[in-house]
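Enquirer: Quick note on the numbering used here: the sequence shown kicks off at 65 and runs consecutively. The beta carbon of each residue, even a glycine, is placed where N, CA and C say it ideally should be. Small disclaimer: the values here were computed from a predicted structure and weren't measured.
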Amino acid sequence: MIRRLWSASVWAPGVVPVDDSWRTAKRLWLPLYDLILIGAGITAVVFGSRLLDRLYGNFTDVIGTVFALVAFACLVGVGWPRLWPVEIVGKILLVGMIVGYVFAIILSPSPEQLAAKEAPSWFITCMLVGLTPLPLARLDRLIDEWVRRRAVRRREALNAVL
Numbered sequence: 065m066i067r068r069l070w071s072a073s074v075w076a077p078g079v080v081p082v083d084d085s086w087r088t089a090k091r092l093w094l095p096l097y098d099l100i101l102i103g104a105g106i107t108a109v110v111f112g113s114r115l116l117d118r119l120y121g122n123f124t125d126v127i128g129t130v131f132a133l134v135a136f137a138c139l140v141g142v143g144w145p146r147l148w149p150v151e152i153v154g155k156i157l158l159v160g161m162i163v164g165y166v167f168a169i170i171l172s173p174s175p176e177q178l179a180a181k182e183a184p185s186w187f188i189t190c191m192l193v194g195l196t197p198l199p200l201a202r203l204d205r206l207i208d209e210w211v212r213r214r215a216v217r218r219r220e221a222l223n224a225v226l
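Below is the structure:
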């Protein structure tokens, strides 16, 4: 079973074509990104987060767990190309959670920020926004591939009828 899983993964020889422009991203950068985000979710649960605690209170553990699970779904989807629908759903949820977190930071200033008339933590929001281009680019690529596959199937079905 482990051999079958390995042979279907992006790390097995021949699964990702050598001439694929996303080869290194699929085999290294996207899995690494997902592993880092899994770690972020786990650290939110294990160690907490002052910012998450302020924004969401007791839900910090739930949010950290969901974040880690969504990132894991992304990892599974990128690691095993046949599970591309899992990756699409995961990436959409992941980007949505990051964007939601950014808006929560901007729209929910802390009492200390309000008392001092300080702006939200723009540094943190910019860092979080910086997490979105890679999954958005991957989503764009996955959707393009899906549209191409669908067009080929329709063309083949039409040719079979004619």
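Answer with buried or exposed for Phe-111, where buried requires no fewer than 16 other C-beta atoms within 10 angstroms of its C-beta.
Expert: Answer is exposed; the Cβ neighbour count stays below 16.
Enquirer: Given this structure, state the Cα-to-Cα distance separating Gly-128 from Leu-158, to the nearest angstrom.
Expert: Cα-Cα distance, rounded: 12 Å.
Enquirer: Between which two residues does the alpha helix (DSSP H) containing Ala-180 stretch?
Expert: Segment 175-180, the alpha helix (DSSP H) holding Ala-180.
Enquirer: When you compare the stretch 193-201 with the stretch 159-168, are there three or more beta-carbon pairs, one atom per stretch, that lie closer than 8 Å?
Expert: Result yes; three or more Cβ-Cβ pairs closer than 8 Å.
Enquirer: Between the alpha carbons of Val-153 and Trp-86, how many angstroms are there, rounded?
Expert: Distance between the alpha carbons of Val-153 and Trp-86: 20 Å.
Enquirer: What number of angstroms, rounded off, separates the C-alpha of Ala-183 from the C-alpha of Ile-170?
Expert: Each residue's alpha carbon lies about 8 Å from the other.
Enquirer: Just how far apart, CA to CA, sit Trp-75 and Gly-143?
Expert: Their Cα atoms are separated by approximately 8 Å.
Enquirer: Near Arg-91, which residues of its chain fall below 7 Å by C-beta distance, leaving aside the five closest residues on each side in sequence?
Expert: Same-chain partners within the cutoff: Val-74, Trp-75, Val-80.
Enquirer: Can you look up Leu-195 in the DSSP assignment and give me helix, strand or coil?
Expert: Note: Leu-195 maps to coil in three-state DSSP.
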